[in-house]
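Protein chains in written order, with our numbering: chain A, 1 to 135; chain B, 136 to 270; chain C, 271 to 405; chain D, 406 to 540.
Number of protein chains: 4
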Amino acid sequence: MRHQFRCAMRWADMDAYGHVNNVVYLSYLEEARVDMLFTLGAELGVKALSDGVLVARHEIEYKRPLVYHPRGVAIDLWVGEIKAASFEIRYEVHDDNVLFARAASLLVPYDLEAERPRRVTDEERAFLEKYLAAD
Amino acid sequence: MRHQFRCAMRWADMDAYGHVNNVVYLSYLEEARVDMLFTLGAELGVKALSDGVLVARHEIEYKRPLVYHPRGVAIDLWVGEIKAASFEIRYEVHDDNVLFARAASLLVPYDLEAERPRRVTDEERAFLEKYLAAD
Amino acid sequence: MRHQFRCAMRWADMDAYGHVNNVVYLSYLEEARVDMLFTLGAELGVKALSDGVLVARHEIEYKRPLVYHPRGVAIDLWVGEIKAASFEIRYEVHDDNVLFARAASLLVPYDLEAERPRRVTDEERAFLEKYLAAD
Amino acid sequence: MRHQFRCAMRWADMDAYGHVNNVVYLSYLEEARVDMLFTLGAELGVKALSDGVLVARHEIEYKRPLVYHPRGVAIDLWVGEIKAASFEIRYEVHDDNVLFARAASLLVPYDLEAERPRRVTDEERAFLEKYLAAD
Numbered sequence: 001m002r003h004q005f006r007c008a009m010r011w012a013d014m015d016a017y018g019h020v021n022n023v024v025y026l027s028y029l030e031e032a033r034v035d036m037l038f039t040l041g042a043e044l045g046v047k048a049l050s051d052g053v054l055v056a057r058h059e060i061e062y063k064r065p066l067v068y069h070p071r072g073v074a075i076d077l078w079v080g081e082i083k084a085a086s087f088e089i090r091y092e093v094h095d096d097n098v099l100f101a102r103a104a105s106l107l108v109p110y111d112l113e114a115e116r117p118r119r120v121t122d123e124e125r126a127f128l129e130k131y132l133a134a135d
Numbered sequence: 136m137r138h139q140f141r142c143a144m145r146w147a148d149m150d151a152y153g154h155v156n157n158v159v160y161l162s163y164l165e166e167a168r169v170d171m172l173f174t175l176g177a178e179l180g181v182k183a184l185s186d187g188v189l190v191a192r193h194e195i196e197y198k199r200p201l202v203y204h205p206r207g208v209a210i211d212l213w214v215g216e217i218k219a220a221s222f223e224i225r226y227e228v229h230d231d232n233v234l235f236a237r238a239a240s241l242l243v244p245y246d247l248e249a250e251r252p253r254r255v256t257d258e259e260r261a262f263l264e265k266y267l268a269a270d
Numbered sequence: 271m272r273h274q275f276r277c278a279m280r281w282a283d284m285d286a287y288g289h290v291n292n293v294v295y296l297s298y299l300e301e302a303r304v305d306m307l308f309t310l311g312a313e314l315g316v317k318a319l320s321d322g323v324l325v326a327r328h329e330i331e332y333k334r335p336l337v338y339h340p341r342g343v344a345i346d347l348w349v350g351e352i353k354a355a356s357f358e359i360r361y362e363v364h365d366d367n368v369l370f371a372r373a374a375s376l377l378v379p380y381d382l383e384a385e386r387p388r389r390v391t392d393e394e395r396a397f398l399e400k401y402l403a404a405d
Numbered sequence: 406m407r408h409q410f411r412c413a414m415r416w417a418d419m420d421a422y423g424h425v426n427n428v429v430y431l432s433y434l435e436e437a438r439v440d441m442l443f444t445l446g447a448e449l450g451v452k453a454l455s456d457g458v459l460v461a462r463h464e465i466e467y468k469r470p471l472v473y474h475p476r477g478v479a480i481d482l483w484v485g486e487i488k489a490a491s492f493e494i495r496y497e498v499h500d501d502n503v504l505f506a507r508a509a510s511l512l513v514p515y516d517l518e519a520e521r522p523r524r525v526t527d528e529e530r531a532f533l534e535k536y537l538a539a540d
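Next up, the structure:
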């Protein structure tokens, strides 16, 4: 299952080339992750995931320049892989069947009190598995 | 006495008009304040001012469009007025005798533990008075 | 008449104090202005206002700290005054009857080809007058 | 040869976790690239590289949380590979022998007039080859 998120754009996300700056795409991915992990996680009672998740790695491939539009842009995200102490989220930034970027993030659950990475719990795994998808 | 700060610009501070976006000027003012209050304050042992100061108000007048330059932009700042529980900082954003903006901020010392505004201490007043200047 | 806009927040709009950074409020105001001037203006055929409007001045008063919420924050905006070659927009940033900030911007219509400020046209004045309101 | 750049940080680069937000690292990389390609390129008369270079891909690995410091953070960058119509830049974000992140970007020279990617010129290749380095 893919989680679908419509991300608001800001006019000033565009740089002097008149396109959304490459850095800002990562903000869009962050909003999509927050929407999936914080909001949905909180709804389902999976609190831990919204309390502490570190980003260990990102990769992003830009396919096409993106211009500000008041309706924002769509982001599809799903889970690529779940390991003992990390999981991968994959994304597509698109709109109206046009693909703007493809990305992936490696995320690490983090114990804020003990200040160290921790394992993915069974409860979290069950939540994440619903979004597990072949590309 | 004026405190002088050279603020680094970022290329993406420019928006689709090819000028530094009006919002970003406020980031420049924040960096100049941080430089004056945190860095200098810490050097002089005036810890409190770097621990908690709330912004109560800003006003800014834009004089001329500003374009990214690798050498950054200059900000002069000084203290406009010191009251019992607040003080005003005034700024000029300029470079090479060209004025880009004039601004002022009302700042309120804040007691982070008690979670409420507090009075300006004598020590802080002595520090701020050195920057007190007629416009 | 007030124009009402719900502005999306981004999680990273919060700074190390755990509140939306004071600079980011100005981005929210920009989004609200863009929504009113670009989107509505375009709908009504008032193209000029979406082509070039310079910000000449902002003032903003912070009333209460604001924390990220997935539903965003509400911005009401209206026209404060219309002069020959400028107009003022006034704003309230609020949510659920709590006021977070009050602000005002002075805007100047700009002729992009001639590269100089220009007068408010009759058509623009008619559009703006609908939002003219006593505070 | 590595190009060394000291990147200014902004206090608000930190998010509610009290660390520099993961997205902002990409801004630091952009500043380091701009410094190398625009400034040095301009000095050496290699204009084309500062006129149009698209980002086709980024990857970044976060090694350690980074906290705001007034002296900024150091970025080393060098060229990883030069192909017919693209080249790779590799980076290390570090300070005082502590590594905060490792990253790489694939860049594509772009012909702004013809609005399409173009080949790396001999002149650009000579400039880039000076920064070619084994990791």
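Note that the Cβ used here is the ideal one computed from N, Cα and C, for glycine as well.
Sequence-distant residues of the same chain with beta carbon closer than 8 angstroms to residue i, five excluded per side
{"i": "R277(B)", "result": "Because chain B spans 136 through 270 in this model, residue 277(B) falls outside it and cannot be assessed."}
{"i": "M284(C)", "result": "V290, N291, V337 and Y338"}
{"i": "R260(B)", "result": "I217"}
Own chain residues within Cβ distance below 6 angstroms of residue i, not counting five before or after
{"i": "V243(B)", "result": "L189, A191, S221 and P252"}
{"i": "L398(C)", "result": "V349, I352 and F357"}
{"i": "Q409(D)", "result": "D481"}
{"i": "E43(A)", "result": "none"}
{"i": "R90(A)", "result": "W78, G80 and A104"}
Under 9 angstroms between C-beta atoms of residue i and residue j
{"i": "E196(B)", "j": "A167(B)", "result": "no"}
{"i": "K488(D)", "j": "V429(D)", "result": "no"}
{"i": "E435(D)", "j": "A151(B)", "result": "no"}
{"i": "G187(B)", "j": "D246(B)", "result": "yes"}
{"i": "A8(A)", "j": "A278(C)", "result": "yes"}
is_contact[residue i, chain G] using C-beta, thresh 9 angstroms
{"i": "E194(B)", "result": "Absent here is chain G; the protein component of the structure consists of chains A, B, C and D."}
Residue i burial status per 10 Å Cβ neighbour count (16 or more: buried)
{"i": "R415(D)", "result": "buried"}
{"i": "R476(D)", "result": "exposed"}
{"i": "V98(A)", "result": "exposed"}
{"i": "D440(D)", "result": "buried"}
Beta-carbon contacts of residue i that lie in its chain and below 7 angstroms, excluding the five residues immediately before and after
{"i": "A236(B)", "result": "Y160, I195, E196, Y197, K198 and V228"}
{"i": "R141(B)", "result": "G207 and A209"}
{"i": "D95(A)", "result": "V73 and A74"}
{"i": "L241(B)", "result": "A191, R192, S221 and E223"}
{"i": "Y433(D)", "result": "C412, V478, I480 and V498"}
{"i": "P65(A)", "result": "H19"}
Residue range of the alpha helix (DSSP H) that includes residue i
{"i": "V458(D)", "result": "Note, V458(D): premise wrong, no alpha helix (DSSP H); beta strand (DSSP E) at V458 to Y467."}
{"i": "D527(D)", "result": "D527 to E534"}
{"i": "V34(A)", "result": "N22 to V34"}
Range covered by the beta strand (DSSP E) that runs through residue i
{"i": "S105(A)", "result": "V98 to D111"}
{"i": "E81(A)", "result": "V73 to I82"}
{"i": "H3(A)", "result": "H3 to C7"}
{"i": "V228(B)", "result": "F222 to D230"}
Heavy atom of the ligand HEM within 8 angstroms of residue i beta-carbon
{"i": "N97(A)", "result": "In the structure shown, the ligand HEM is absent, as is every other ligand, since no ligand is present at all."}
Quick one: which residues of the segment 25-39 of chain A get their C-beta closer than 8 angstroms to a C-beta of chain C? List them in chain order. Flagged, chain order: S27, E30, E31, V34, D35, F38 and T39.
Positions along the segment 406-429 of chain D whose CB lies within less than 7 angstroms of some CB in chain C: Flagged, chain order: A417, M419, D420, A421, G423, N426 and V428.
Which residues of the segment 345-362 of chain C have a Cβ closer than 7 angstroms to any Cβ of chain B? Give them in chain order. Residues of the segment 345-362 of chain C with a Cβ closer than 7 angstroms to any Cβ of chain B: none.
Using Cβ-Cβ distances below 8 angstroms, what residues of the segment 237-259 of chain B are close to chain D? Residues of the segment 237-259 of chain B that bring their beta carbon within less than 8 angstroms of a beta carbon in chain D are absent altogether.
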